[in-house]
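Colleague:
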Amino acid sequence: MSDCLFCHLIQGKIKSKIIYEDNEVFAFEDIHPQAPIHILIVPKKHIPNLTQLREEDKELVGKIHLVAKRIAEDLSISRNGFRIVINSGRDAGETVEHLHFHLLGGRKLNWPPG
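All residue numbers for the sequence shown refer to this note's numbering, where the first residue is 718 and numbers rise by one.
#1: Under 8 Å, with one C-beta from each stretch per pair, do the segment 719–728 and the segment 781–800 reach the 3-pair mark?
#2: What residues in its chain sit with their C-beta under 6 Å from that of Asp747, if we drop five residues either side in the sequence?
#3: Less than 7 Å between the beta carbons of Ala752 and Leu820, yes or no?
#4: Is the Cβ-Cβ distance between His749 and His815 less than 7 Å?
#5: Using DSSP with H/G/I as helix, E/B as strand and the rest coil, what is Glu738?
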């Protein structure tokens with residue numbers, strides 16, 4: 718999508734601190750972190766939000782979770798715990814219409830979150 722912030726990040730048009738990248742998945746540090754570790758993990762395929770997932774995307778979403786696990790291990794937060802958050806739609810707090818997974822950790826996270 719031509720005006721999507723995350724698509725521009727994926728294409729390298731906007732700089733970011735890249736944490737992970739392969740042919741299908743891109744992960745980078747959030748510029749407004751809500752925890753000591755706050756990584757955004759996005760599919761390179763433009764999917765506006767969770768409601769736009771298709772059957773063909775199930776392996777991609779599974780892969781994203783495995784990438785989250787790997788990043789959590791690499792950043793040494795897998796032992797004490799971390800959280801994965803997906804906001805879908807404006808009322809949920811989605812501000813960029815490109816499916817993304819927030820990986821949060823590095824401190825005790827409270828519940829309920831919002």
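The beta-carbon is built from N, C-alpha and C at its ideal position, and this holds for glycine as well.
Modeller: So, to answer that:
#1: no
#2: His755, Leu757
#3: no
#4: With a cutoff of 7 Å on beta-carbon distance, His749 and His815 are scored as not near each other.
#5: strand
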